[in-house]
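Remarks on the structure that follows.
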Amino acid sequence: MRASSERAHSRIVLALDLQNDDRQTLLKQCNAILEGVAKYICAVKINRQLVLALGLPTVSQIVTNVHELSLPAIMDAKLNDVGHTNSFMMESYVHAGFDAVIASPITGWEGGMDSVFEIARKEDKGVILLTYMSNPGAEQFYSMMTGVEDGQRPIFETFAQMAVEWRADGLVVGATRPDIIRRVRSLVGPSMEIYSPGVGTQGGDGMKALETGANYLIVGRTIYGSENPRDAARGLHESLK
Ligand code: O7M
Numbered sequence: 001m002r003a004s005s006e007r008a009h010s011r012i013v014l015a016l017d018l019q020n021d022d023r024q025t026l027l028k029q030c031n032a033i034l035e036g037v038a039k040y041i042c043a044v045k046i047n048r049q050l051v052l053a054l055g056l057p058t059v060s061q062i063v064t065n066v067h068e069l070s071l072p073a074i075m076d077a078k079l080n081d082v083g084h085t086n087s088f089m090m091e092s093y094v095h096a097g098f099d100a101v102i103a104s105p106i107t108g109w110e111g112g113m114d115s116v117f118e119i120a121r122k123e124d125k126g127v128i129l130l131t132y133m134s135n136p137g138a139e140q141f142y143s144m145m146t147g148v149e150d151g152q153r154p155i156f157e158t159f160a161q162m163a164v165e166w167r168a169d170g171l172v173v174g175a176t177r178p179d180i181i182r183r184v185r186s187l188v189g190p191s192m193e194i195y196s197p198g199v200g201t202q203g204g205d206g207m208k209a210l211e212t213g214a215n216y217l218i219v220g221r222t223i224y225g226s227e228n229p230r231d232a233a234r235g236l237h238e239s240l241k
């Protein structure tokens with residue numbers, strides 16, 4: 001991610017969340033957007049929504065195209081199941097060519113996240129963990145106070161601490177919550193990568209997210225939903241410089 005970001009002078013991760021009932025059209029649209037915006041972004045994130053629409057073999061072709069554009073591909077699987085199904089999903093995404101997979105730490109380690117990390121380490125892939133989501137209701141659980149040895153703290157702080165202990169390759173914290181980004185950064189130190197979604201359409205301020213400690217902005221509709229995605233990506237890229 002760092003090499004790609006430096007090469008592209010960009011901190012924008014494109015969320016390729018396109019929808020179309022016609023599979024061929026959807027595939028063409030995905031590839032057209034990718035080619036149009038490639039030089040303004042540093043990675044591509046693909047959701048399960050696209051896997052459902054196109055199937056993993058076709059998504060794997062998109063991953064190949066992403067790699068041909070010299071960009072890493074992240075699978076936003078939000079994995080959060082027990083070990084054996086996590087393993088199966090993780091292996092499937094690794095075999096589809098993804099460089100990193102996003103998971104939810106809520107399963108805990110044993111019989112949950114352990115299998116995800118084990119496969120990632122064996123295959124030299126990344127694991128990025130959800131820490132605080134961007135939607136308004138995220139507060140309900142991510143800010144929930146939980147007991148720790150010396151008192152109480154919000155559960156997202158435990159997620160951040162777990163991510164460091166498990167040696168995750170990155171965290172996800174919503175751009176709609178710059179104060180939380182700042183807090184997470186102070187807990188995880190300077191070397192952990194923070195990915196921040198919710199920029200633009202969801203109301204998050206990309207510059208503020210970067211200033212408070214995020215490394216990368218995950219951006220979807222603000223780019224692909226605009227009349228001219230290339231111009232939108234270039235505009236965002238310029239404004240962040
Ligand atoms: O820029 P948008 O709002 O069109 O899309 C945001 C993308 O970020 C979309 O792909 C979501 O799945 C993702 N996302 C959030 O919007 N909020 C979160 O809290 C977390 C994610 C995400 O990427 O999770 C890994």
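Numbering-wise, the sequence shown is residues 1 to 241 according to the numbering used here. No residue lacks a Cβ here, since even glycine has one placed at the ideal position from N, Cα and C. Since this is a predicted model, take the numbers as computed values, not measurements.
Distance from the CA of Ser115 to the CA of Ser104, rounded to the nearest whole angstrom, comes to 13 Å.
In this chain, Thr201 is not harboured by any beta strand (DSSP E), its DSSP state being neither H nor E. According to DSSP, residue pairing for Ile41 in a beta bridge does not occur. In the three-state DSSP reduction, Ala233 falls in the helix class (H, G or I). If one requires a minimum length of 4 residues, the alpha helix (DSSP H) runs lying completely within the region 71-159 are 83-95, 114-123, 139-142, in chain order. Residue Asp76 holds the alpha-carbon nearest to the alpha-carbon of Pro197 among Gly97, Val66, Leu26, Asp76. Counting along the chain, Gly206 sits inside no beta strand (DSSP E); it lies in the alpha helix (DSSP H) bounded by residues 206-212. Annotation for Ala175: no beta strand (DSSP E) segment contains it, and DSSP assigns it neither H nor E.
Per the C-alpha coordinates, the member of Ile180, Arg230, Gly204, Arg234 positioned closest to Gln29 is Arg230.
In the structure shown, the three-state DSSP call for Ala168 is coil.
The continuous alpha helix (DSSP H) containing Leu52 extends over residues 48-54. Annotated three-state conformation of Leu217 is strand, per DSSP. Spatial neighbours of Lys241 in its own chain (CB-CB distance under 8 Å, excluding positions within 5 residues in sequence) are listed in chain order as His9. Distance check between Thr176 and each of Gln202, Arg185, Ile218, Gly151 places Gln202 closest, using alpha-carbon atoms only. Beyond the five residues adjoining it in sequence on each side, Leu56 comes within less than 7 Å, by CB distance, of Ser92, Ala96 in the same chain, given in chain order. Taking the CA atoms as reference points, Gly126 sits about 25 Å from Ala233. Spatial neighbours of Gln152 in its own chain (CB-CB distance under 6 Å, excluding positions within 5 residues in sequence) are listed in chain order as Met145. Here Arg183 is buried, its C-beta having at least 16 other C-beta atoms within 10 Å. Distances from the CA of Asp22 to each of Thr85, Ala53, Asp179, His237 were compared; the closest alpha carbon is that of Ala53.
Judged by the Cβ position, Ile180 fails to qualify as a neighbour of the ligand O7M at the 7 Å threshold, every heavy atom of the ligand being at least this far.
For Leu14, the uninterrupted beta strand (DSSP E) run begins and ends at 12-15, by DSSP. At a threshold of 7 Å, Asp17 counts as near the ligand O7M, since its beta carbon sits closer than that to one of the ligand's heavy atoms.
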